[in-house]
Amino acid sequence: MAFSTSTILTYASFAWLPDMLGDLAGTTPTEGGVLLAVTGLVSVPGALLAPLLVARFRNVGWLIAVGVVSFVLGYLGLLVVPTPLTLLWVLLVGLGSILFPVCLVLINARTGTAAGTVALSGFAQGIAYALGALGPLLVGLLHDVSGTWTLPLLFLIAIALLAIVPAITLARPGLVEDELAR
């Protein structure tokens, strides 16, 4: 579920953030594109550090919490006070993207065998990417139905909060194969 939420949030940002920023913060299409690029740049260190952090810490729930809180604060900021703190909200959305690489690394970290890794990877990624593809569609649909960005942003905040549920499970050290054997 954490991987699915991160995929939905990331894909929705890629698709809609420049339009959101234009409508909510008055940015030009060029500025919106640059700010979208900023979210990508902010996510690079997280992507590079995620494998090291997951390997170093037995409890990675805090990493997922950082991603969830960042996404929630970023989208909430855009909803409530889009300006003058637009850049801060964009930076937080970019920081929230740490969920994506953490979830990818956890597939390896939480399995003890090659077969377990393949099975978990196929299951998790298949579902996550399918749900992720729906993210931009649902955000666009909510925007079209409501005529504002309020419903889409509330949807994205709710999706981010859903990642708390798997964070509790993922925070516990252990292997998927051990859980299945019980």
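Each residue of the sequence shown is one higher than the one before, counting from 1 in this note's numbering.
For every residue, glycine included, the Cβ atom is placed at its ideal position computed from N, Cα and C.
Open item on the list: For the structure I just gave you, are there three or more beta carbon pairs, one from the stretch 115-124 and one from the stretch 19-35, closer than 8 Å?
Closed with: no
Open item on the list: Please return the same chain residues whose Cβ sits closer than 6 Å to the Cβ of residue 70, not counting the five positions on each side in sequence.
Closed with: Counting from one through the sequence shown, the residue named residue 70 turns up at place 70. Excluding sequence neighbours, residue 70 sits near 92, 95, 96.
- [ ] Would you identify the three-state DSSP class for residue 108, choosing helix, strand or coil?
- [x] Numbered from 1 along the sequence shown, position 108 holds the residue referred to as residue 108. Correct three-state label for residue 108: helix.
Open item on the list: Once DSSP output is grouped into helix, strand and coil, what is the label at residue 16?
Closed with: For the purposes of this step, residue 16 is taken as the residue at position 16 of the sequence shown. Of the three classes helix, strand and coil, the one that applies to residue 16 here is helix, per DSSP.
TODO: Rounded to whole angstroms, what's the CA-CA distance from residue 163 to residue 169? Just pull it up for me.
DONE: For this step, residue 163 is matched to residue 163 along the sequence shown. For this step, residue 169 is matched to residue 169 along the sequence shown. Their Cα atoms are separated by approximately 10 Å.
TODO: Determine the extent of the alpha helix (DSSP H) in which residue 80 is found, giving its start and end residues.
DONE: Locating residue 80 in the sequence shown gives position 80, where the first residue counts as 1. Start and end: 61-80.
TODO: With a floor of 4 residues, list each alpha helix (DSSP H) that falls wholly inside the stretch 88-142, ordered by position along the chain.
DONE: Qualifying alpha helix (DSSP H) stretches, in chain order: 99-109.
Task: Rounded straight-line distance, which links the Cα of residue 89 to that of residue 77 - done: The residue given as residue 77 occupies position 77 in the sequence shown. The residue given as residue 89 occupies position 89 in the sequence shown. If I take the Cα positions, the gap works out to 6 Å.
- [ ] Go ahead and pull the three-state DSSP assignment for residue 172.
- [x] On the sequence shown, position 172 is the one that residue 172 refers to. Coil.
Open item on the list: Count Cβ pairs between the stretch 125-143 and the stretch 72-87 that sit closer than 8 Å; are there 3 or more?
Closed with: Output reads no: the stretch 72-87 does not touch the stretch 125-143.
- [ ] Measure the C-alpha to C-alpha separation of residue 46 and residue 102 and round it to an integer number of angstroms.
- [x] Position 46 of the sequence shown, counted from the first residue, corresponds to residue 46. Position 102 of the sequence shown, counted from the first residue, corresponds to residue 102. Approximately 8 Å, taken between the alpha carbons.
Open item on the list: Here's the rule I'm using: 16 or more other beta-carbon atoms within 10 Å means buried, otherwise exposed. How should residue 54 be labelled?
Closed with: Here residue 54 is taken as the residue at index 54 of the sequence shown, counted from 1. Per the 10 Å Cβ criterion, buried.
Task: CB contact flag (residue 161, residue 9, <8 Å) - done: By 1-based counting over the sequence shown, the position of residue 161 is 161. By 1-based counting over the sequence shown, the position of residue 9 is 9. In this structure, residue 9 does not lie closer than 8 Å to residue 161 by Cβ.
Task: Exposure of residue 115, with buried meaning 16 or more beta-carbon neighbours within 10 Å - done: On the sequence shown, position 115 is the one that residue 115 refers to. Per the 10 Å Cβ criterion, exposed.
Open item on the list: Less than 8 Å between the beta carbons of residue 128 and residue 7, yes or no?
Closed with: Here residue 128 refers to the residue found at position 128 when the sequence shown is read from its first residue. Here residue 7 refers to the residue found at position 7 when the sequence shown is read from its first residue. It is a contact, given that the beta carbons lie within the stated cut-off.
Open item on the list: Let me check understanding here. Comparing Cα to Cα, which of 136, 142, 65 lies closest to residue 12?
Closed with: Position 12 of the sequence shown, counting from 1, holds the residue named residue 12. Residue 12 has its Cα closest to that of 136, out of 136, 142, 65.
Task: Reference residue 48, options 174, 104, 117, 151, closest by Cα - done: Residue mapping note: residue 48 aligns to position 48 of the sequence shown, counting from 1. If we check each option's Cα against that of residue 48, 104 comes out closest.
- [ ] For residue 148, count neighbouring Cβ atoms within 10 angstroms of its own Cβ and tell me buried if that reaches 16, exposed if not.
- [x] Sequence index remark: in the sequence shown, residue 148 carries index 148 (1-based). Looking at its Cβ environment, which holds fewer than 16 other Cβ atoms inside 10 Å, residue 148 is exposed.
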